[in-house]
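Residue numbers (the numbering used here), protein chains in the order written: chain W, 1 to 721; chain F, 722 to 896; chain X, 897 to 1216. Built from N, CA and C at the ideal position, the CB exists for glycine as well. Nothing here was measured: the structure is a model prediction, and the numbers come from that model. First the structure, in the form of structure tokens, and then the observations on it.
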Amino acid sequence: MTARTRVDGWAKVTGAARYAADHRLDNLAHAVLVTSTVPAGRIAELDVTEAERAPGALAVITHRNAPRLSPAGDFYVQTVLPLQDDLIRYEGEPVAVVVADRLERAGEAAALVRVTYETAPATVELDDALPDAYRLGAYFEPITSSVGDVAAGLERADVVVERTYTTAARHHSTMEPSATLAEWRDGMLTLYDATQGVFNVRDAVCAALDLPADRVRVIAEYVGGGFGCKGFVWPHQLIAPMAARTVGGAVKLVLTRAQTFTSHGYQPPTRQTVTLGAARDGRLTAIRHTSVNSTSTYADHLEMAAICSRAMYACPAIETDHLLAPVSTVLPTPMRAPSDGPGMVALESAMDELAYELDIDPVELRLRNYAERDPTKGRPFSSKALRACYAEGARRFGWADRPMRPGALRDGNDLVGWGMASATMATFAAPASARVSIDADGRVLVEAGSQEIGTGTRTVLCQLAAEALGCPPERVTIRLGDTTLPPTGMTAGSSTTMSVGSAVQLAARSLRTKLASMALAEGDAPAELARLDGDALVVEGAPRTPLRELIGDDPVGAEASWSPSTADVSMHTFGAVFAEVRIDADLCLPRVSRLVGVYSAGRIVNPLTARSQMIGGMTWGIGQALLERSPVDRRLGRFVNKNLAGYLVPVNADVPELDASFVDEHDEHAGTVGGRGIGELGAVGVGPAIANAVFHATGTRIRGLPIAPETLLRGDGDGRD
Amino acid sequence: MARITVTVNGADHTDEVEPRLLLAHYLRDKLRLTGTHIGCDTTNCGACTVLCDGLPVKSCTMFAVQADGREIITVEGLATGGQLQPIQQGFKEEHGLQCGFCTPGMMVAATALLERNPDPSEEEIRWALSGNVCRCTGYVNIVKAVRWAAQAMQEQAAPEEPATRQPATEQAATR
Amino acid sequence: MRDVGYLRVGDTAEALTAAARPGARLIAGGTELVNLLKERIEQPDLLVDISRLPLTDITVGPDGLHLGALARMSDVAAHPEVRSGYPAIAQALELSASPQLRNMATMGGNLMQRTRCPYFRADHDLPCNKRRPGSGCSAIDGDHRAAAIFGASESCVATHPSDLAVALVALDAQVRTTARTLPARDLHRLPGDQPHRDTVLDHGEMILGIDVPVSPPSAYLKVRERGSYEFALVSVAVAAETSGGVIRTARAALGGVAPKPWPLDVDLAGVPLRRDELRAAIAPAFAAARPLPGSEFKIELAQRAVVRALTKPIGLMGET
């Protein structure tokens, strides 16, 4: 299909696009959160007298006077309801919300809330919590897996590599801090929310506040990035409606940047051990991959880091296992790209180490272990063109010229290294519905509850609808992000194009059939017979009919639903990533100078938005490899850097020209669209490719990301302190 | 309270404001110009960038009283008469945006660059935009968007020389 | 943020009177002070806005460079004669902060900026002797990767973040205030048991300008993880005259390693511009380093940076 610029481009370049905090409501009051300063314990003293007397203060809500909330349902993974008791479970937990007529006054009043704590001992570091690690009973995939006999496979291996790798705690750091505007009017609650799932928010708010679904509407017209932190529902999204109900009007709650570090999860640090056994020819005889990540003390988030090893390489014996270690921080949550992202750091670094043990080119080693079918599930892949990715990536990068020996590519004072890694991501899909309608002027309206969080959903849905209807995309308007629209899942797990796209296609085809049937006055005319031509319908075997004649003054529409099929295939996206790093030999600063990614994801609906997704994802990989980490202070039990000065996301100067492309492919199992999701794939594989390139440049194997200058200075590879 | 007069996007506004009122909140809440976004609170993201007397500044790190007597341009002031400025067209055409939250600040900073340097190199663009963080795009298309605008402005300035514009997206695909 | 009074002054005399009031704080560009107010790190009663005083001069004469306290970072960095005659200053400025901040921030304000220690800058009041005297230091037993290796005390291990100040020390500049003229290297103070005082200036004292003597060739090298827009892990400013591959005179100062710009007090005259000789010559200056475990790497990194700055030309954008 063709590249198309974004249909929301105009709104976004003129400042007209309204994000949650931009909505204008009458008599809007402002809410500011007061959050705990200790990681564990209970509130000892709480004095709100001064805060309540502060100029402009309308309400100070604490656990003492907050409305009682009911359990908020499955999407409220946090489980602990806000402001319901005096217990403290993590630093940053809300202990009060202050509402005032102006933001400055709310902030000032919030500073006057006096809280003292009775602190309890708290463990906040993954390493310290390892003795308490436990295994969950179930998650979205089985916690453990085992095929073949790993012990026997390692026994007969010529070479065994067993290494432990770590990835750091990281924060989503969307540019838009989360914000919720809640308005009570005439018994109806309307939320303007920065969310990846309007229906999740509605359901959680309805459950928590004991409201029927038809009295709560959630709107997310534009969302300033999500990456997972706006997927599930979090305390502030319950606090804003609670505060609005208390003051009886409209309340705006915008998280401070500091609060975003403790308000909606983070990617937990992982500690993974990979054991690879291989014959001298490189063929794997056994894979064991175990992972432990930190979770909160009150709820579980599992980073299924080892699932990548279940499907990535052909191997007769594969074991995986996952553990959780509880720490006193906010609950971690999925972050672009969860599970496979941290997991492939370990697997692909270990594969590189194996390549050097065996003296086999890293690409060749992967080809020798190419999985034609899912080695754990025993099923075929829905579609997989990874071989082509390796070949095309190697060609574009110039991999054939790579000397195997580390340190061989020095350029003046720069140590130069070339590294590669595979990428893979489990594919998710969710039931979705959509409505497509057309009016007498030939204007098409596509409606679905789904959210635009930056990925290009509006644009891609517009293209799919136009294609299915047989009309130019310019005629199509997209409405998203509203619980009054047909239900869809959340914008997460790279699932939207396949799921919502399929629903839109089905609805559009249904509408086209309806129009053809109306024109031919037949029961069920084939949709292909009808073609839209401006405000008229052209049907083979019938005269050109103005739409107004055909449908009258009111629009006619069709609604359709799509659900993922349980076809007996294993569905993953794949890719091959090649990285060049240059490291100043004196100052030990690694910089990425080239990055090539070639991907297998089925049909690409819009090459422009798709490529942009991949480039964005690859940049996340640069962050994972070199910059992003959120250390916690052991004594204070808090993330040390709760701002964008200390938490380093890549800036312009860190990102070279990035080369992202796709191989031609159509996946007949991937909904009616034929494409698997790509939103997260680009962020996978880049981290290990860069770490492998750093090894190639320096001979130092770094097993802890991100790579710090001091680690390279020391040259011992254990990662950061 | 202090009385200030600020010219915003060509119109004069006189208001009584608290000294602690940030320029960003003045623009967003008082003047309802919500295209200026607030992303970080600590001067680290650039989403709130506006032009103050022609120079990009961070409106979340400036009190409204400091803008008294100054001329402010926000993203809403870039387009004129329903026509996008080249920089806006560039971001639209070259897909220099995803979620769009950083985009207004990014475009405002780029506008000042092109005023000063109508033909910036890639490095100069990256340097001029070094105070603006984007979490979605990976910057590559942002740089192309600014190049697109620079070329479009040069063509506008010299219509007798019909330049052949190579679509930057294709350049990108072939490293 | 607490509400605060605001007074824009029309001349220096008015500024001095207003600034002398208890609870008064000078504001020029505001790029630092606004953040300190937002985070409630400082809570002055009165902001004295000096931004429109006529102290924006940038003058280059036979006796050196004169910078008004209110000259903007961007204007100084762009000044052709600063770039040609005092490149360490132009580079230090251009590698600081972001273009937006450099368009607002001033020379005087830059010198008055406060540490980036994450505990000092935290979203709420943590134990920090610089922020709240007597409350303790969270960094010593906490995350102290950014900590000082020179000049710290038991009460504070924070470093000073100004790039400009490091260049000024290497260039032997003088700072003129309303009360005195003092060498740039004496402006900032070591924490001792009073880490809340960053400089030797008294309350109400105002920087008027900076005087830099005619300088030998100079350069500023900033080592940081991100390609731009980050404070230094370590930085170094050098000003050196050489002939025939041998140093005749050299002055150097380090940033990111101490509570103030740290002069590298070793005599480099006669040292050949070769890595090993330079390394040996500067080593004595690092004997006094007292790092914490997490900041120990700065000893090695800083020495490498000094050698690099003396041996390899640095582009104006400062990237190595």
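As assigned by DSSP and simplified to three states, the class of S433/W: strand
Applying a beta-carbon distance threshold of less than 7 Å, which residues of chain F neighbour G616/W? Neighbours of G616/W on chain F, chain order: Q819, C857, T858, G859.
Collapsed DSSP secondary structure at A12/W in the structure displayed: A small fix is needed here, since residue 12/W is Lys in this sequence, not Ala. It is helical.
A908/F versus chain W: which residues are under 9 Å apart at the beta carbon? Outside the displayed span of chain F (722 to 896) sits residue 908/F, for which this structure offers no information.
Same chain only: Cβ atoms within 6 Å of A866/F, ignoring 5 sequence neighbours per side: G811, F812, E815, G817
With distances taken from CA atoms, which of V444/W, E452/W, G454/W, R591/W is nearest A474/W? A small fix is needed here, since residue 474/W is Glu in this sequence, not Ala. Checking every option, the nearest Cα to that of E474/W belongs to V444/W.
For a contact meaning CB atoms closer than 9 Å, what does A849/F contact in chain X? P995
Nearest by alpha-carbon distance to E680/W: which of T262/W, A689/W, W620/W, H666/W is it? W620/W
Below 7 Å CB to CB, which residues in the same chain sit around C588/W once its five sequence neighbours on both sides are set aside? P709, L712, L713
Based on Cα-Cα distance, which residue from A3/W, T2/W, A20/W lies nearest to E452/W? A20/W
For T908/X and G826/F, the rounded distance between their alpha carbons: Cα to Cα, the separation comes out at about 35 Å.
Taking the beta carbon of N838/F as the centre, do at least 16 other beta carbons fall within 10 Å, making it buried, or is it exposed? exposed
Cα-Cα separation, Q259/W to V115/W: 17 Å
Return yes when the Cβ of V673/W is within less than 8 Å of the Cβ of M498/W, no when it is not. Going by beta carbons, M498/W and V673/W fall inside the 8 Å limit.
Who are the neighbours of V978/X on chain F, taking C-beta pairs under 8 Å? At a beta-carbon threshold of 8 Å, none of the residues of chain F lie near V978/X; the nearest stands roughly 18 Å away.
Considering only their Cβ atoms, is the gap separating S1049/X from L1086/X smaller than 8 Å? yes
Is the Cβ of S263/W closer than 8 Å to any Cβ of chain F? No, its Cβ sits nowhere closer than 8 Å to a Cβ of chain F.
Which first and last residues belong to the alpha helix (DSSP H) in which T609/W is found? 607 to 622
Using the DSSP secondary-structure output, state which residues sit across from A426/W in a beta bridge. H572/W
Residue span of the beta strand (DSSP E) that contains N692/W, given as start and end: Not the beta strand (DSSP E): N692/W falls in the alpha helix (DSSP H), residues 686 to 698.
With DSSP as the reference, label M188/W as helix, strand or coil. strand
With 16 other CB atoms within 10 Å as the buried threshold, where does T37/W fall? Buried: at least 16 other Cβ atoms inside 10 Å.
Three-state class that DSSP yields for I954/X in the structure shown: Here I954/X sits in strand by DSSP.
Any idea if A683/W is buried or exposed, counting beta-carbon neighbours within 10 angstroms, 16 or more meaning buried? buried
Are the CB atoms of D352/W and G454/W nearer to each other than 8 Å? no
Give the DSSP-derived three-state secondary structure of W869/F in the structure shown. helix
Please indicate yes or no: does the CB of L627/W lie closer than 7 Å to some heavy atom of the ligand ZN? Of the ligands one can find in the structure shown there are none, so the ligand ZN has no counterpart to examine.
Are three or more beta carbon pairs between the segment 604 to 612 of chain W and the segment 622 to 633 of chain W nearer than 8 Å? no
How would you write the range of the alpha helix (DSSP H) that P995/X sits in, first residue to last? DSSP places P995/X inside the alpha helix (DSSP H), whose first and last residues are 995 to 998.
Do we get a CB-CB distance below 8 Å when we pair F897/F with the residues of chain W? Chain F is shown from 722 up to 896; residue 897/F falls before or after that span and cannot be answered.
Below-8 Å beta-carbon distance, D899/X vs any chain B residue: Checking the listed chains, one finds no chain B in this structure; the protein chains it contains are W, F and X.
For N293/W: DSSP bridge partner residues: T270/W, L324/W
List the residues of chain W whose Cβ lies closer than 7 Å to the Cβ of R753/F, in chain order. R24
Contained alpha helix (DSSP H) runs [length at least 4] in the segment 1155 to 1195 of chain X, N- to C-terminal order: 1171 to 1178
So is K1118/X in contact with chain F if we call contact Cβ pairs under 8 Å? no
Taking the runs of the alpha helix (DSSP H) that are 4 residues or longer, which of them lie wholly in the segment 211 to 292 of chain W? Runs of alpha helix (DSSP H) with 4 or more residues, each lying fully within the segment 211 to 292 of chain W, are found at 235 to 247, 257 to 263, listed in chain order.
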